[in-house]
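Read the structure below first, then the notes.
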Amino acid sequence: MAVAVLVAPSFDDASRYSYEWSREIRQKLEEKGFNVIDISGREVSRSEVEEALKQNPNALFVFYNHGSRDCLWGSRTEKVVNLNNVKLLSNREVYTLACLSAEKLGVQAYKNNCLAYWGYTREFAFSTEAIEDFKKFANHGLIVKLEGKSWDECLKLTKELAEKLANKLVGEGKYFSAVLMKEDAEALVCYNAEMPETKCPFRKVAVKLLGKKGWHLRDYLKKEYFEYVSEATYVISLIIYVAARIQLPLNFSNIDIAFILMTISFLVARAYNEYLEWVLNKWKK
Amino acid sequence: MPLKESEILIKAFKLEAQRKPYERIFIGFKTYTYKEFASLLDNHQKLDKETKKLIQSFLNQALKMFRENEEFRNRMKMLAGVK
């Protein structure tokens, strides 16, 4: 039986609404045969969420509550998921209704092989006068996903729905709500249907050349076997160089220049890799 | 002198807010009544950085809709009394 971990804390006015909206999600999941582990309706602790995710490694994770750039909140003071435990989102689909979390947390989740991250790059806003319309928009992506659509289609359909709802709200004279609906739709992303934006020029080139694989190129390059291959290649070159050098006269020749250049490029590549590792660790802290 | 697009929008939003005193907007951890939110629209020089960004983003989206959506434009103009 497929498992879904649903976390919808409730501790202020906004989260009481998001908790209410999550009830429809729970019902739809159960209708589709999911075993729903529901941690909702109150303040939720980090340890509860971590335990549920650890015990259900590939389960769908649904989160309805406040978020920030680098975390999802279980209460006003406790981050249930942030950059330190983002690996718990690896190899699972994640559907969030949380402000901003797609900006950093979602990108980091995608880097850690999260299968899909549905979230918002800016604040999620809603109004009391159009509460049903915002609920419909917030839940739509997962509902169509459960009907068997791809994440790509879900994102497209949800953005189309937002456009229709915004026009309906304009027609009803609900102008604040119409603008907020359009803003929410623009902030909505799904890292799977699309790739996170990157500022790294190397990654941009890799994405252009290799598509989605290019986004994860650094991970491929960091695999141990690749390091072994690069080191083994260097050692073989060293042996060939020494063997060739023995045959040649003592004068400085092109083979020496070639070998020096190869050594420098090998060292630069290793240093760059170490530097990236250092930056990443510093960023995580 | 004719009103600028942003002035029309702010005027219309303020009028909408007057008509709906009990409606609220939730943006992240923040909550505003329509009246509170509308009062921030033309007063954003005095706001903290985060709120300023929220307001600017809202106004940019509204301006975009004003330029692209004819019904929205006409209704906002009518509400602001410029049509």
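Listed in order, the protein sequences are those of chains A and B. Here the working numbering runs 916 ahead of the position in the first sequence, where the first position is 1. Here the working numbering runs 1 ahead of the position in the second sequence, where the first position is 1. In this text, a Cβ means the ideal position worked out from N, Cα and C, and glycines have one as well. Values in this document were obtained by computation on a predicted structure and should not be read as measured data.
Buried/exposed call for B:I9, threshold 16 Cβ in 10 Å: Here residue 9 of chain B is taken as the residue at index 8 of the second sequence, counted from 1. Buried: at least 16 other Cβ atoms inside 10 Å.
CB-CB length for A:A1014 against A:F979, believed under 8 Å: Translated into positions along the first sequence, residue 1014 of chain A becomes position 98. Translated into positions along the first sequence, residue 979 of chain A becomes position 63. About 6 Å separates the two Cβ atoms, so the contact holds.
Alpha carbon of A:E1019 to alpha carbon of B:M66, nearest angstrom: Along the first sequence, read from residue 1 onward, the residue named residue 1019 of chain A stands at position 103. Along the second sequence, read from residue 1 onward, the residue named residue 66 of chain B stands at position 65. One C-alpha to the other measures close to 24 Å.
CB contact below 9 Å: B:N44 versus chain A: Position 43 of the second sequence, counted from the start, is the residue given in the question as residue 44 of chain B. Closer than 9 Å: no.
A:F1040 (DSSP reduced to helix, strand or coil): Here residue 1040 of chain A corresponds to residue number 124 of the first sequence, with the count starting at 1. DSSP places A:F1040 in coil when its eight states are reduced to three.
Those residues which DSSP pairs with A:T993 across a bridge: Residue numbering aside, residue 993 of chain A sits at position 77 when the first sequence is read from its first letter. The partner list for A:T993 (beta bridge, DSSP) is empty, contrary to what the question assumes.
Inter-stretch contact at 8 Å, needing at least 3 Cβ pairs: the segment 1059-1076 of chain A / the segment 987-997 of chain A: no
The segment 1095-1107 of chain A: positions lying closer than 8 Å to chain B by Cβ: V1095, L1096, K1098, E1099 and E1102
CB-CB length for A:E966 against A:F927, believed under 8 Å: The residue given as residue 966 of chain A occupies position 50 in the first sequence. The residue given as residue 927 of chain A occupies position 11 in the first sequence. That pair is no contact at about 19 Å.
4 or more residues per run - each alpha helix (DSSP H) lying fully within the segment 1063-1139 of chain A: 1067-1087, 1091-1103, 1117-1126, 1128-1131 and 1133-1138
For A:F979, three-class secondary structure by DSSP: On the first sequence, residue 979 of chain A is found 63 positions in, with the first residue counted as 1. DSSP places A:F979 in strand when its eight states are reduced to three.
Rounded straight-line distance, which links the Cα of A:Y1188 to that of A:A1159: The residue given as residue 1159 of chain A occupies position 243 in the first sequence. The residue given as residue 1188 of chain A occupies position 272 in the first sequence. Distance between the alpha carbons of A:A1159 and A:Y1188 is about 30 Å.
Beta-carbon proximity check, B:H61 vs A:N1083, cutoff 9 Å: Against the second sequence, residue 61 of chain B aligns to sequence position 60. Against the first sequence, residue 1083 of chain A aligns to sequence position 167. Checking the sequence shown, residue 61 of chain B turns out to be Asn, not His. No, Cβ-Cβ distance for B:N61 and A:N1083 is not below 9 Å.
Identity of the residue in A:L1154, A:K1027, A:D1172 and A:Y1150 nearest A:L1196 by Cα: As a first step, residue 1196 of chain A must be located in the first sequence, where it is residue number 280. Checked all of A:L1154, A:K1027, A:D1172 and A:Y1150; the closest Cα to A:L1196 is A:K1027.
Amino acids of chain A, ordered along the chain, whose beta-carbon sits closer than 7 Å to that of B:Q62: Within the second sequence, residue 62 of chain B is the residue found at index 61, counting from 1. Neighbours of B:Q62 on chain A, chain order: V1095, K1098 and E1099.
Pair within 9 Å by beta-carbon distance, A:S956 and A:S938: On the first sequence, residue 956 of chain A is found 40 positions in, with the first residue counted as 1. On the first sequence, residue 938 of chain A is found 22 positions in, with the first residue counted as 1. Yes, the pair counts as a contact, with Cβ atoms nearer than the cut-off.
Per DSSP, the bridge partner or partners of A:D986: Within the first sequence, the letter at position 70 stands for residue 986 of chain A. None, per the DSSP bridge assignment.
A:Y1033 - DSSP class collapsed to helix/strand/coil: For the purposes of this step, residue 1033 of chain A is taken as residue 117 along the first sequence, with counting starting at 1. A:Y1033 falls in the strand class under three-state DSSP.
A:D1068, buried or exposed, once every other Cβ within 10 Å from all chains shown has been counted against 16: Residue 1068 of chain A sits at position 152 when you count from the first residue of the first sequence. It is exposed - the Cβ of A:D1068 has fewer than 16 other Cβ atoms within 10 Å.
For A:K1160, three-class secondary structure by DSSP: As a working note, residue 1160 of chain A is residue 244 in the first sequence. Correcting the residue type first, residue 1160 of chain A is Ala in the shown sequence and not Lys. Three-state DSSP puts A:A1160 in a helix.
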